[in-house]
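Chemist: Here the protein sequences come in this chain order: W and E. Take the working numbering: the last position of the first sequence gets the number 498, and nothing is skipped along the way. Take the working numbering: the last position of the second sequence gets the number 280, and nothing is skipped along the way. Virtual Cβ for every residue (Gly too), placed ideally from N, Cα, C. Here it is, the structure, as structure tokens.
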Amino acid sequence: MALKPKKTPMKEQPPEERINNFDEVPRGYSDEDAALEAERCLQCKHQPCVDGCPVSVPIPQFIQAVKDGDVIKANQIIKSKNNLPAVCGRVCPQEEQCEEVCVMGIKNEPVAIGRLERYVADYNMDRGTDKASKEEIEKYRIPELEGKKAAVIGAGPAGLTAAADLAKYGFKVTIFEALHATGGVLRYGIPEFRLPKAIVDEEVEGIKNLGVDIQLNVVVGKTITIDELFADGYEAVFIGTGAGLPKFMNIPGENLNGVYSANEFLTRVNLMKAYKYPEYKTPIKVQDKVAVVGGGNVAMDAARTARRLGAEKVYIVYRRAEEQMPGRDEEIEHAKEEGIIFKLLNNPVAIHGKNGRVDKMECIQMELGEKDSSGRRRPIPIEGSNWMLDLDTVIIAIGQSPNPMLTKNTKDLETESWGGIITDENLKTSRAGVYAGGDVVTGAATVIKAMGAGKKAAENIKEYVLNKNK
Amino acid sequence: MYEILEKEVLAPTIKKVKVKAPLIARKTEPGNFIILRVDEKGERIPLTVADHDDKTGEITIIFQEVGYSTKLLGSLEKGDYIQDIVGPLGHHIKMEGYKKVVLLGGGSGTALLYPKVKGFYEMGAEVITITGARTKNLVILEEELDNYSDRLFITTDDGSYGHHGFVTDVLKDLLDQEDNIDLVIAIGPVPMMRAVADMTEDYGIKTIVSLNSIMVDGTGMCGACRVTVGGETKFTCVDGPAFDGHKVDFEELMNRLSFYQDEEALAGEMEEEVNG
Numbered sequence: 029m030a031l032k033p034k035k036t037p038m039k040e041q042p043p044e045e046r047i048n049n050f051d052e053v054p055r056g057y058s059d060e061d062a063a064l065e066a067e068r069c070l071q072c073k074h075q076p077c078v079d080g081c082p083v084s085v086p087i088p089q090f091i092q093a094v095k096d097g098d099v100i101k102a103n104q105i106i107k108s109k110n111n112l113p114a115v116c117g118r119v120c121p122q123e124e125q126c127e128e129v130c131v132m133g134i135k136n137e138p139v140a141i142g143r144l145e146r147y148v149a150d151y152n153m154d155r156g157t158d159k160a161s162k163e164e165i166e167k168y169r170i171p172e173l174e175g176k177k178a179a180v181i182g183a184g185p186a187g188l189t190a191a192a193d194l195a196k197y198g199f200k201v202t203i204f205e206a207l208h209a210t211g212g213v214l215r216y217g218i219p220e221f222r223l224p225k226a227i228v229d230e231e232v233e234g235i236k237n238l239g240v241d242i243q244l245n246v247v248v249g250k251t252i253t254i255d256e257l258f259a260d261g262y263e264a265v266f267i268g269t270g271a272g273l274p275k276f277m278n279i280p281g282e283n284l285n286g287v288y289s290a291n292e293f294l295t296r297v298n299l300m301k302a303y304k305y306p307e308y309k310t311p312i313k314v315q316d317k318v319a320v321v322g323g324g325n326v327a328m329d330a331a332r333t334a335r336r337l338g339a340e341k342v343y344i345v346y347r348r349a350e351e352q353m354p355g356r357d358e359e360i361e362h363a364k365e366e367g368i369i370f371k372l373l374n375n376p377v378a379i380h381g382k383n384g385r386v387d388k389m390e391c392i393q394m395e396l397g398e399k400d401s402s403g404r405r406r407p408i409p410i411e412g413s414n415w416m417l418d419l420d421t422v423i424i425a426i427g428q429s430p431n432p433m434l435t436k437n438t439k440d441l442e443t444e445s446w447g448g449i450i451t452d453e454n455l456k457t458s459r460a461g462v463y464a465g466g467d468v469v470t471g472a473a474t475v476i477k478a479m480g481a482g483k484k485a486a487e488n489i490k491e492y493v494l495n496k497n498k
Numbered sequence: 005m006y007e008i009l010e011k012e013v014l015a016p017t018i019k020k021v022k023v024k025a026p027l028i029a030r031k032t033e034p035g036n037f038i039i040l041r042v043d044e045k046g047e048r049i050p051l052t053v054a055d056h057d058d059k060t061g062e063i064t065i066i067f068q069e070v071g072y073s074t075k076l077l078g079s080l081e082k083g084d085y086i087q088d089i090v091g092p093l094g095h096h097i098k099m100e101g102y103k104k105v106v107l108l109g110g111g112s113g114t115a116l117l118y119p120k121v122k123g124f125y126e127m128g129a130e131v132i133t134i135t136g137a138r139t140k141n142l143v144i145l146e147e148e149l150d151n152y153s154d155r156l157f158i159t160t161d162d163g164s165y166g167h168h169g170f171v172t173d174v175l176k177d178l179l180d181q182e183d184n185i186d187l188v189i190a191i192g193p194v195p196m197m198r199a200v201a202d203m204t205e206d207y208g209i210k211t212i213v214s215l216n217s218i219m220v221d222g223t224g225m226c227g228a229c230r231v232t233v234g235g236e237t238k239f240t241c242v243d244g245p246a247f248d249g250h251k252v253d254f255e256e257l258m259n260r261l262s263f264y265q266d267e268e269a270l271a272g273e274m275e276e277e278v279n280g
């Protein structure tokens, strides 16, 4: 049988229907779709896809198990490296990771590794076969670490991954989370229509199943300090607190009513379920005309969310061109299908109000100049090109930086000028026994990179504690 | 889940609850607040910790029923549970180095003022407290405030108790008659805090106000609570809630507080329906 040049398509909810609900857009593969797609994998010996994956999932092996019809085994193979496959299969930018280096992708479309991973994870969740068995866990145990305490700060992708791996080694792990729910950005940032929260709950259950204790409503740095954790007998600490501090533009009118940070807007909708107001009690206010400022995935999420909340016109205002947009191609495509209007090469200079509310946003047109330090052509304002956009809501999605709450309240923890925690190549910080990883070290990046960092930190924490107790 | 150990009705719409929250009790200092969520479908609301006891692990919250969530909280009884409480949040107020302090509390703001009154008194400062309420049966914490104040003044808008008028009337007299007031603290409705700040500015007396912005997470990740102080944007939850009253843009604060009026009214109506 000749190999199919294109990925097996995945069914999606049609745009005209999905803008009226928060249900997931891609429907996932059927058993038949998955079998067809698994056939496309060439089972290369040198496995470049595995190197492309930040947590080194044994990709050809799990796809082989799918080919063999053993989806439970496929899940065990994935879970040997990836603690959150249902999440990763959905939100990873596979096009720049595993799928980018897929041999099949040189002449054709790459194997749909993400879709297959999602299929395997969902299949096992649906059947309750996704939890690791005692024997599987036993494989990782290191007797010397049995019962030693490790603390993880933050229940986002980095923290959940570090906690799962530490628990597998035998540590008694406690995660401390500031919010009232787990998941970090998976919970408050990424919307339901991209990542159903039931999936996050299920993945977290899998991690609790490994023996991890999760303490919600604890702000480390306020409720408890890192020094107190060590005093309580924790042998090591992993900091995975992310980059949750929103950036504003510092332009006139930014504090008018109707101007949200994307973090506030998405937290209200996702974490607090404001889209179900008044059944849920947190309100959100979106009227007819919304502008989202920025070009990343957060901007796409905010724009698509605003559309679902009933906004007639939703604009993306981005200062560079489409080629420079950091958002995933798939998300940009989805946004376009849903009628989001792109105002590219434009930058806001002021927000104008009426009776204390947003009324118009003044934008200036931009042109692209020389490349800047990020390697992208620098946007330059075109003198005198200012114009007005009629609006009632503005959502600022121009990036986030690490929240200084923890670092400010922890002695001897070195940070970069932009707030990131400084670590060495082993993710060790300036304080003995304290490791950090994910967005708090790199600045806002991807879910899978955070997971990769959590995994690496767990391994180094293991070595550190083993050596310390020699 | 956080158990309610005691409940007391201080005034018809002002309730006091004691809750078991050992980690929070251990760290709280005057001026800190918590964020709580009454139940699974609830919103997160900020409330000041009125009192705390690190030995028993208890915190006291005093709140006025003003909308859906505070009414729901007010309906809970001893033995009931609050879904989530996180804290202590915000900066506590620095109390060192002041000799004579005037503290003003308006309405339920008096409950938020109380830990500061107690704090300054225990630091050895001369404490003059002024508490104002609309009418007599809304006057709260009189005995507690009296215990920790060198002088206590009570005002009611309708003259049914204490001085007939506003807290600012008493403040004006003090500013004219007393020497060496080195700090004024005002906590209450925004118009009251603004009036106090306007008044003390003429006398050049340092004035701290505690702002009641809209909050969601309370940990600095969203900016819902942003205010302009001295021309700069600050987050009330992490940079405050206490700020220099002479630098706060009160106009903007009032505007932002009114944003969800319609939604709050709707939530209120729905609750009326529920309770008949």
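In its own chain, which residues sit with a C-beta less than 7 Å from the C-beta of isoleucine 165(W), not counting the 5 before and 5 after it?
Modeler: In its chain, beyond the 5 residues on either side, Lys196 and Leu238 have a beta carbon closer than 7 Å to the beta carbon of isoleucine 165(W).
Chemist: Excluding the five sequence neighbours on either side, which residues of its own chain have a C-beta within less than 7 Å of the C-beta of cysteine 226(E), listed in chain order?
Modeler: Val220
Chemist: Would leucine 323(E) count as contacting chain W if we go by Cβ distances under 8 Å?
Modeler: Outside the displayed span of chain E (5 to 280) sits residue 323(E), for which this structure offers no information.
Chemist: Apply the 10 Å Cβ neighbour rule to alanine 269(E) and answer buried if 16 or more other Cβ atoms are within range, or exposed otherwise.
Modeler: exposed
Chemist: Do we get a CB-CB distance below 8 Å when we pair isoleucine 89(E) with the residues of chain W?
Modeler: Contact of isoleucine 89(E) with chain W is assigned, a C-beta pair being separated by under 8 Å.
Chemist: Return the Cβ separation of valine 90(E) and glycine 222(E) in integer angstroms, given the expectation that the two are a contact with Cβ distance under 8 Å.
Modeler: 7 Å
Chemist: Between which two residues does the alpha helix (DSSP H) harbouring arginine 146(W) extend?
Modeler: Per DSSP, arginine 146(W) is one residue of the alpha helix (DSSP H) stretching across 141–155.
Chemist: Please report the residue range of the beta strand (DSSP E) in which cysteine 391(W) lies.
Modeler: 385–399
Chemist: Using DSSP with H/G/I as helix, E/B as strand and the rest coil, what is asparagine 136(W)?
Modeler: coil
Chemist: Can you check whether the CB of glycine 166(E) is closer than 8 Å to the CB of threonine 160(E)?
Modeler: yes
Chemist: What does valine 53(E) touch in chain W if you count any residue whose Cβ is under 7 Å from its own?
Modeler: Result: empty, since nearest Cβ-Cβ is about 12 Å, beyond 7 Å.
Chemist: With a threshold of 16 other CB atoms inside 10 Å of the CB of methionine 5(E), please say whether the residue is buried or exposed.
Modeler: exposed
Chemist: So, do the segment 113–124 of chain E and the segment 149–156 of chain E have three or more beta carbon pairs nearer to each other than 8 Å?
Modeler: yes
Chemist: Which class does threonine 139(E) belong to by DSSP, given the choice of helix, strand or coil?
Modeler: It is coil, neither helix nor strand.
Chemist: At the 8 Å Cβ level, is glutamate 277(E) part of the contact set with chain W, yes or no?
Modeler: Confidence at glutamate 277(E) is low in this model, with a pLDDT of 48, below 50, so the placement of that residue should be treated as unreliable; the coordinate-derived value is given next. No, glutamate 277(E) does not count as interfacial toward chain W.
Chemist: Sort out for me which residues DSSP pairs leucine 274(W) with in a bridge.
Modeler: Reading off the sequence shown, one finds proline at residue 274(W), where the question assumed leucine. The partner list for proline 274(W) (beta bridge, DSSP) reads Gln428(W).
Chemist: When we look at the beta-carbon of isoleucine 489(W) and count the other beta-carbons within 10 Å, is it buried (16 or more) or exposed?
Modeler: It counts as buried.
Chemist: At a CB distance below 7 Å, what residues from the segment 198–218 of chain W approach chain E? Give them in sequence order.
Modeler: Ala206, Leu207 and His208
Chemist: For valine 278(E), collect the residues of the same chain with a Cβ closer than 7 Å to its Cβ; drop the 5 residues on either side in sequence, then sort them by chain order.
Modeler: Because the pLDDT of valine 278(E) is 45, which lies under 50, any placement of that residue in the model is unreliable, and the question is left without a value.
Chemist: Out of curiosity, what's the CA-to-CA distance linking glycine 192(E) and threonine 135(E)?
Modeler: 10 Å
Chemist: Nearest CA to the CA of phenylalanine 37(E): which residue from Thr74(E), Ala54(E), Lys45(E) and Leu27(E)?
Modeler: Ala54(E)
Chemist: Can you tell me whether DSSP reads alanine 349(W) as helix, strand or coil?
Modeler: Here alanine 349(W) sits in coil by DSSP.
Chemist: Of the residues Thr474(W), Leu64(W), Glu358(W) and Val83(W), which one's Cα is nearest the Cα of alanine 190(W)?
Modeler: For alanine 190(W), the closest alpha carbon among the candidates Thr474(W), Leu64(W), Glu358(W) and Val83(W) is that of Val83(W).
Chemist: What are the start and end residues of each continuous alpha helix (DSSP H) run of 4 or more residues lying completely inside the segment 227–278 of chain W, in chain order?
Modeler: 254–259
Chemist: Leaving out five residues on either side along the sequence, give the residues of the same chain with a beta carbon under 6 Å from the beta carbon of arginine 155(E).
Modeler: Ile132
Chemist: On the criterion of 16 or more Cβ atoms from any shown chain inside 10 Å, does valine 94(W) qualify as buried, or is it exposed?
Modeler: buried
Chemist: Please check the pair valine 377(W) and isoleucine 279(W), which I expect to be a contact at CB under 8 Å, by giving their CB distance rounded to whole angstroms.
Modeler: Right, their Cβ atoms sit about 6 Å apart.
Chemist: Tell me whether arginine 198(E) sits in a helix, a strand or coil according to DSSP, three-state version.
Modeler: Reduced to three states, the DSSP call for arginine 198(E) is helix.
Chemist: Residues of chain W with CB closer than 7 Å to the CB of valine 242(E), please, in chain order.
Modeler: Met433
Chemist: Where do the N-terminal and C-terminal ends of the alpha helix (DSSP H) with methionine 328(W) fall, by residue?
Modeler: 325–336
Chemist: Which residues in the same chain have their Cβ closer than 7 Å to the Cβ of glycine 280(E), if we skip the five residues on either side of it in sequence?
Modeler: With a pLDDT of only 36 at glycine 280(E), under 50, the local geometry of the prediction cannot be trusted, and the value read off the model is given with reservation. Nothing listed; no residue qualifies.
Chemist: Of all the CB atoms in chain W, is at least one closer than 8 Å to the CB of tyrosine 85(E)?
Modeler: no
Chemist: So is lysine 31(E) in contact with chain W if we call contact Cβ pairs under 8 Å?
Modeler: yes
Chemist: Would you check if the segment 322–339 of chain W and the segment 412–419 of chain W touch, i.e. whether three or more CB-CB distances between them fall below 8 Å?
Modeler: No: the two stretches stay apart, fewer than three of their Cβ pairs being nearer than 8 Å.
Chemist: Please confirm if aspartate 58(E) has its CB atom under 8 Å from at least one CB of chain W.
Modeler: no
Chemist: What number of angstroms, rounded off, separates the C-alpha of leucine 144(W) from the C-alpha of valine 240(W)?
Modeler: 28 Å
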